[in-house]
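Residues in the sequence shown are numbered consecutively from -5, following the numbering used here. What follows is one structure encoded as structure tokens, with my remarks underneath.
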Amino acid sequence: ARSKRLIFVVLSKIIPSVDLPKRLKKKNTSMPSKKNFFLSNSLKYLLKSADMAVFKYEKLAAVLKAI
-5 ARSKRLIFVV LSKIIPSVDL PKRLKKKNTS MPSKKNFFLS NSLKYLLKSA
45 DMAVFKYEKL AAVLKAI
């Protein structure tokens, strides 16, 4: 969870036009513009792949510790 928060912070610095926490809170009330919609989808994808990378790294670390 901590790594996800870190990624959020990094990405929100890279893409200041997308304010993630605010956007997520009012997701249902307003339809985002197409650009923001695309960006948020890209961010979701990035977060997912970063999660996978962290997960794989943790598994690798566990394996290395076991040896």
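C-beta: ideal position from N, C-alpha, C; glycine also.
Judged by DSSP in its simplified three-state form, residue 61 adopts coil rather than helix or strand.
The C-beta of residue 37 has 16 or more other C-beta atoms within 10 Å across all chains shown, which makes the residue buried. Rounded to the nearest whole angstrom, the CA to CA distance from residue 52 to residue 40 is 18 Å. One thing to note: residue 44 has its Cβ within 8 Å of the Cβ of residue 1.
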